[in-house]
Amino acid sequence: MLMSEELEKRLQMELRNKLELVTSSPGRLSEKTIQGRIKFFGYRCHEWTATVRHARYEYVGLTQDKEFLLNQRGGALHSSVKLRQLHDKHLQQQKDLLAAVELFNLAHDWYEVLVAAGEVDELSRLAFLQSIGGETAYEPSEPGDPNYPQW
Numbered sequence: 001m002l003m004s005e006e007l008e009k010r011l012q013m014e015l016r017n018k019l020e021l022v023t024s025s026p027g028r029l030s031e032k033t034i035q036g037r038i039k040f041f042g043y044r045c046h047e048w049t050a051t052v053r054h055a056r057y058e059y060v061g062l063t064q065d066k067e068f069l070l071n072q073r074g075g076a077l078h079s080s081v082k083l084r085q086l087h088d089k090h091l092q093q094q095k096d097l098l099a100a101v102e103l104f105n106l107a108h109d110w111y112e113v114l115v116a117a118g119e120v121d122e123l124s125r126l127a128f129l130q131s132i133g134g135e136t137a138y139e140p141s142e143p144g145d146p147n148y149p150q151w
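Residues 1 to 151, numbered by UniProt numbering, are exactly what the sequence shown covers, in order.
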């Protein structure tokens with residue numbers, strides 16, 4: 001199959017999914033509501049960067065302490081339990097992040113649906129997205145970060 005045919009099929013499938021989204025929903029959201037959701041879930045996704053970084057540090061810290069844990073009484077079991085708990089915690093965090101990302105994408109899809117329905121002008125949608133792109137996003141900081149305030 002040619003690459004253009006694959007892209008065409010994928011685009012048709014995406015349009016069918018958006019059409020199904022519109023027909024299955026009880027009512028359309030307003031432009032203001034969609035803009036609020038895009039901002040809210042965009043900020044939530046951005047805030048997850050610190051959580052992902054912290055999860056990485058937790059795993060590295062646990063694997064570096066592995067020799068110490070194994071030399072303790074019951075060390076192998078303790079190490080295994082700690083790894084399992086960390087794995088379960090990270091799976092839950094992954095599910096939460098995935099939910100925020102999916103809702104962010106859904107809000108964008110709804111905005112495109114409003115444009116396609118003629119309820120919103122495409123230029124106003126692009127202007128809104130441009131204004132969000134121009135905003136300053138503040139990174140969450142924690143002790144040890146270079147930008148953390150020192151009193």
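Backbone N, C-alpha and C define an ideal beta-carbon position, used for all residues, glycine too.
When secondary structure is reduced to three states using DSSP, Gly27 falls in the coil class, being assigned neither helix nor strand. When secondary structure is reduced to three states using DSSP, Glu6 falls in the helix class. Residues of the same chain with a CB within less than 7 Å of the CB of Phe128, apart from the 5 flanking positions on each side, are Gln35 in chain order. Taking C-alpha positions only, Gly74 is separated from Phe68 by approximately 11 Å. According to the DSSP assignment, Glu102 belongs to the alpha helix (DSSP H) that extends over 75-117. Shown here, Gln64 sits in a helix according to DSSP, grouped into three states. With contacts defined as CB atoms closer than 8 Å, Leu62 and Leu98 fail to qualify as a contacting pair. Here the alpha carbons of Thr51 and Arg44 stand approximately 11 Å from one another. Val52 carries a helical assignment under DSSP once its states are collapsed to helix, strand and coil. For Glu122, the enclosing alpha helix (DSSP H) starts and ends at 122-134.
In the structure shown, the three-state DSSP call for Gln35 is helix. Leaving aside the five residues that flank Ala100 on each side, the residues in its chain whose CB is nearer than 6 Å to its CB run, in chain order, Phe41, Arg44, Cys45. Glu31 places its beta carbon 8 Å or farther from that of Leu106.
Distance from the CA atom of Gly27 to the CA atom of Lys18, rounded to whole angstroms, is 14 Å. In the same chain as Trp110, and ignoring 5 residues on each side of it, the C-beta atoms closer than 6 Å to its own belong to Leu29, Ile34, in chain order.
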